[in-house]
Each structure stands twice: as C-alpha cells, then as structure tokens.
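To convert, note that position 5 of the sequence shown is 5 in full-length UniProt numbering; the numbers rise steadily by one, no gaps.
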Amino acid sequence: MKLSEITTFQQEHRAISLNELQKRFPQKTIIRDENGVIRHDSRLQNALMDFDTKSPIYVNPKSDLARLIIRDLHCKNAHCGKDQTLCLARQRFWIPRPSAAYNKYIRSCTICKRYQGLPFGAPAMPPLPGDRVKRSRPFENVGCDFFGPILDRNDERIYVCLYTRFTTRAVHLEVVENMSTEAFLDCLVRFVSRRVPKLIRTDCGTNFRLGQQILESMFQSDDTTGSSVMTYSVSTGIRWTFNPPAAPWMGGAWERLAGTVKRALQKAFGRKKFTFTQLCTAVTRIEAVINTRPLAKLPSADISEIPLRPVDFLQGNLAYSIPNVGISADRDNSYDPDLIQTALQAKEALEYSETVANKFWERWNTEYLTMLREIQHRTPSIQTYRPERPHCW
Numbered sequence: 001m002k003l004s005e006i007t008t009f010q011q012e013h014r015a016i017s018l019n020e021l022q023k024r025f026p027q028k029t030i031i032r033d034e035n036g037v038i039r040h041d042s043r044l045q046n047a048l049m050d051f052d053t054k055s056p057i058y059v060n061p062k063s064d065l066a067r068l069i070i071r072d073l074h075c076k077n078a079h080c081g082k083d084q085t086l087c088l089a090r091q092r093f094w095i096p097r098p099s100a101a102y103n104k105y106i107r108s109c110t111i112c113k114r115y116q117g118l119p120f121g122a123p124a125m126p127p128l129p130g131d132r133v134k135r136s137r138p139f140e141n142v143g144c145d146f147f148g149p150i151l152d153r154n155d156e157r158i159y160v161c162l163y164t165r166f167t168t169r170a171v172h173l174e175v176v177e178n179m180s181t182e183a184f185l186d187c188l189v190r191f192v193s194r195r196v197p198k199l200i201r202t203d204c205g206t207n208f209r210l211g212q213q214i215l216e217s218m219f220q221s222d223d224t225t226g227s228s229v230m231t232y233s234v235s236t237g238i239r240w241t242f243n244p245p246a247a248p249w250m251g252g253a254w255e256r257l258a259g260t261v262k263r264a265l266q267k268a269f270g271r272k273k274f275t276f277t278q279l280c281t282a283v284t285r286i287e288a289v290i291n292t293r294p295l296a297k298l299p300s301a302d303i304s305e306i307p308l309r310p311v312d313f314l315q316g317n318l319a320y321s322i323p324n325v326g327i328s329a330d331r332d333n334s335y336d337p338d339l340i341q342t343a344l345q346a347k348e349a350l351e352y353s354e355t356v357a358n359k360f361w362e363r364w365n366t367e368y369l370t371m372l373r374e375i376q377h378r379t380p381s382i383q384t385y386r387p388e389r390p391h392c393w
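Here is the structure:
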C-alpha cells in the first residue's frame with residue numbers, strides 16, 4: 001500500500017518543475033525526497049510528529065488526486081465538515097488553497113446534498129403589473145384583504161377589510177361585524193358607493209386569511225337570489241380577479257399594508273378593547289395616518305419640500321391661491337379678492353388645478369417609480385437557496 005502511494009505521487013510529481021514551484025511559493029521551502037516526491041520542508045523537523053506531518057506531500061489543488069484525497073477523508077469521517085476535512089488533510093498533505101478544492105468536491109457529494117442542500121432559487125421577478133405603474137383615478141384598481149380578528153369589549157370577534165390603491169398605495173378600511181357573505185357584501189357596497197373601483201384583486205386558496213371554505217362561500221357560491229358578491233360585481237361593472245393558489249407574493253401589495261395597519265393599531269391603542277363604534281373610529285384614524293405616510297425618501301438636507309403622500313392623490317390638500325387678475329375693489333363688505341369673479345379666473349383656476357395634479361403625477365413617476373426600481377431585489381439579503389434552477393426530467 002505504501003509503495004502504491006509512493007508510485008502514485010512519483011507519477012504525479014514527475015512533470016512538475018521544482019524551480020517553477022518554488023517561484024510560485026517563495027515563502028515555502030520545497031524539496032524533492034529520495035523517492036522523487038515533492039514535499040514542503042517545514043520548520044517543525046524537531047517536533048515529535050510523523051515525517052509526513054513535518055514534511056507534507058505537495059498536491060496540486062486542481063488535480064484529480066486532490067479531489068480523491070478530499071473525498072476519501074470526507075467519506076471515511078462520516079461526511080464531516082469543511083474544517084475537519086481540511087484539518088485531516090493537513091496531517092499528510094500540503095494542498096495550496098484547500099478551500100477551493102474542498103468546495104469543488106462538495107458540490108458533487110450526493111449525501112451532503114440530500115441532508116444539507118438548499119432549495120432551488122425562486123424564478124426572476126416579473127415586471128410589475130400595469131395597474132401598479134400606470135396613472136389612474138383614485139381607487140380605480142384595488143386589492144382586497146381581511147385581517148383580524150379583533151376582540152371587542154364583549155369578546156366578540158371583529159374583522160377589518162382593507163382596500164388598497166395599487167398606484168399610490170392609499171388604503172381604505174372597513175370594519176365588519178363577522179365574516180358572513182351578507183356582512184362582506186354590505187362592506188363592498190359601502191366601498192363601491194364612495195370609491196367606484198373597476199378592478200378588485202384578492203387572494204385565492206389556502207393563503208387567504210379567511211380560509212378556503214370562507215372564500216368559496218363568499219365568492220364562488222351559486223346564489224339564485226342575486227345577492228352574491230360576484231352578482232353584485234357584475235351588475236356594477238366591477239371586474240373581480242383572483243390570484244393563483246399558493247402564490248402569496250402576488251398579494252404583497254395588500255399583505256404588506258395589512259401588516260402596517262395592524263402594527264399601527266397595536267402601537268397606538270395597545271390592548272385596549274373598544275365597542276364596535278369606537279373601533280370604527282380608531283380604524284378611520286389609522287387610515288388617515290397610513291395615507292399621510294411618505295411614499296419616497298427625501299434628501300436629508302431638504303427640509304422645505306413636502307414629501308409625496310397617498311393623500312395628495314385623494315384630496316390634493318396643498319395650500320395655493322387662485323390667480324387674481326384685473327379685479328378691482330368693491331364697496332361690498334362681503335367682497336373677497338381671493339374669490340373667483342370672472343370666467344377668465346375660473347378657467348385659470350381649473351388650469352392651475354390640473355397643473356397641480358400633473359405635478360403630483362410627475363413626482364410619482366420620478367420619485368416613487370424610480371424608488372421601486374432601485375429597491376427591487378431578486379434575491380434576499382441572506383442567501384437561503386441555490387441560484388440554480390431545477391432541471392426538467
């Protein structure tokens with residue numbers, strides 16, 4: 001066995017020039033022993049160690065011999081880790097850059113793959129849907145979700161229905177007493193009467209918060225009386241779409257805001273219990289707070305500019321004055337020079353309002369959409385999967 005090993009190393013080292021190897025590793029003392037085997041002559045010659053430990057055998061890390069040595073040590077020691085395998089290899093062999101050689105082999109170890117392998121990577125993120133990046137009127141395209149339950153003073157469960165506008169991330173919150181179809185239909189009627197949406201998206205499948213049975217009873221039941229949600233949606237011209245099952249990332253637009261609303265409720269009111277009316281008031285206050293959050297970051301040095309907020313696209317509550325051209329004073333005590341007095345002023349006021357609205361949408365394009373482009377991540381900050389894709393069998 002020993003003779004076979006020496007013969008193997010002789011054949012491996014015969015084509016290696018000692019001078020070239022010394023130039024590659026000038027800090028090492030490299031010798032060729034009486035058998036023609038290249039070794040690293042260390043400074044541990046007086047130590048009580050084996051000869052192979054004091055003068056380890058050189059092994060090219062890119063050679064098949066290095067792969068065979070690492071595989072043998074790795075398998076004989078219960079598929080031990082990297083540090084232990086390389087520690088065992090150093091007792092007899094000198095392998096420059098051993099980590100690269102170990103990593104190259106470990107990719108082909110089927111047993112380690114079975115127990116320690118990471119799942120395959122997620123596919124690349126597709127482009128954002130058009131209803132999230134195109135200009136639209138308030139709450140024209142919305143996503144719907146429920147969160148709860150919230151216990152009231154009588155320990156009864158109350159839920160909150162969340163609608164979010166895709167383009168500007170504004171929210172509309174409705175409190176429902178229970179999760180019956182009638183209660184949700186009343187909630188939908190209240191929302192549609194004030195917001196008039198054209199498209200409503202929601203989750204579908206086991207990932208939906210209310211569960212598959214409630215979802216089917218609410219949206220997929222065959223109601224002959226015409227009071228179902230789908231019947232009402234068709235009659236009002238609303239297009240209702242469901243995300244594919246087991247695809248929670250497609251509902252991230254409303255799932256993220258549901259978490260934001262819940263955190264705001266917890267931090268603002270803690271464990272306080274409300275009546276149904278008080279909870280409606282608290283949820284409305286939280287809605288106002290959420291809709292005044294900034295959509296994009298402002299430079300830290302700029303403290304004069306107002307950040308872009310969802311409420312700016314709902315109310316347009318910027319303070320501005322109406323143009324005042326060619327208006328003379330009047331003796332009437334109720335005269336206000338800031339009021340519109342002529343058709344020209346009315347036209348200029350409308351044009352100015354349109355200019356303000358267009359300015360908001362320009363900032364939405366330049367600030368918010370570009371921020372979405374920059375913060376998009378194809379992979380998480382901590383890699384928990386392999387970048388390879390599964391093969392087709």
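Just so you know, even glycine gets a beta-carbon here, dropped at the ideal spot from N, CA and C.
None of the values given here were measured: they were computed from a predicted structure.
List the endpoints of the continuous alpha helix (DSSP H) containing residue i.
i, result
"G259", "252-269"
"E287", "276-291"
"I69", "64-76"
"F141", "Note that residue 141 corresponds to Asn in the displayed sequence, not to Phe. Segment 141-151 is the beta strand (DSSP E) holding N141; no alpha helix (DSSP H) there."
"L18", "18-24"
"D131", "130-133"
Taking 9 Å as the threshold (C-beta atoms), are residue j and residue i in contact?
i, j, result
"I106", "A89", "no"
"A101", "R67", "yes"
"V171", "N291", "yes"
"A282", "R169", "no"
"H74", "P56", "no"
"I150", "L257", "no"
"Y159", "N178", "yes"
"L44", "K54", "yes"
"W364", "L295", "yes"
"R137", "C109", "no"
"P310", "R293", "yes"
"N243", "R201", "yes"
"I30", "L48", "no"
"D131", "T85", "no"
"L128", "L279", "no"
"N103", "K82", "yes"
With DSSP as the reference, please indicate the residues paired to residue i in a beta bridge.
i, result
"C109", "According to DSSP, C109 bridges with nothing at all."
"I31", "R39"
"F93", "I57"
"L199", "N141, R239"
If you measure from the beta carbon of residue i to each beta carbon in chain B, is any gap under 9 Å?
i, result
"S63", "Here chain B cannot be found, since the structure has a single protein chain."
Please look up how many angstroms separate the CB atoms of residue i and residue j, rounded, as I've assumed it's under 8 Å.
i, j, result
"F139", "R195", "4 Å"
"R32", "P61", "About 19 Å; that fails the 8 Å criterion."
"L314", "E367", "Contact flag wrong, Cβ pair sits at about 18 Å."
"R239", "L199", "5 Å"
"V176", "C161", "6 Å"
"L173", "E255", "The pair is not a contact, with the Cβ atoms about 15 Å apart (cut-off 8 Å)."
"F147", "K267", "Not really, about 15 Å apart at Cβ, beyond 8 Å."
"R153", "T275", "6 Å"
"R165", "W361", "Rounded, the Cβ-Cβ distance is 14 Å, inconsistent with contact."
"W94", "V59", "7 Å"
"D203", "G251", "5 Å"
"R92", "D52", "4 Å"
With respect to the beta strand (DSSP E) encompassing residue i, which residues constitute its N-terminal and C-terminal limits?
i, result
"L48", "From DSSP, L48 is part of no beta strand (DSSP E); its letter is neither H nor E."
"E174", "171-176"
"T241", "239-242"
"R157", "157-165"
Any heavy atom of the ligand NAD within a distance shorter than 8 Å of the CB on residue i?
i, result
"C144", "Judged by which ligands are present, the structure shown has none, so any question about the ligand NAD falls away."
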